[in-house]
Amino acid sequence: SLRMGRILIEQLQQNFAGKVQIMTPQGDTQRGAQLSLRITHGGPHIQQALIDAGVICDWREPDGIRIAFAPLYNRYTEILRFLNILERILDHHG
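Using this note's numbering, read the sequence shown as starting at 29 and increasing by one per residue.
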């Protein structure tokens, strides 16, 4: 899960700067297998659009979306799928 988290963090930083803020500590020893994200605009609508697209996530007041990954269940292709879905949703709701 550490490697999955690292990949997801790197991709979010590279491709979603200014749109998504990573709230979870980024050090491998400081986080588990979940990330909390702050979406700059329209967080609840973004979260619902993610759910509608088949992404399991939850909303945390006041402005957080929490996603989790489990290496025994999830594959790296699902991280890519999540990033593609998030990009499409943010472009649409932008």
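Quick reminder that beta carbons are idealized off the backbone N, C-alpha and C, glycines included.
When the beta-carbon positions are compared, MET51 and ARG66 come within less than 8 Å of each other. ALA61 carries a coil assignment under DSSP once its states are collapsed to helix, strand and coil.
The C-beta of GLN75 has 16 or more other C-beta atoms within 10 Å across all chains shown, which makes the residue buried. The Cβ neighbour count for LEU118, taken over all protein chains shown within 10 Å, is at least 16; the residue is labelled buried. Counting only runs of 3+ residues, the beta strand (DSSP E) found wholly inside the stretch 42-118 occupies 48-50, 62-67, 85-88, 92-96, in chain order. Distance from the Cα of GLY60 is smallest, within the candidate group GLY92, ARG31, GLU38, for ARG31. Cβ atoms of LEU100 and ASN43 stay farther apart than 8 Å, at about 27 Å. For ILE107 and ASP80, the gap between their C-alpha atoms comes out near 17 Å.
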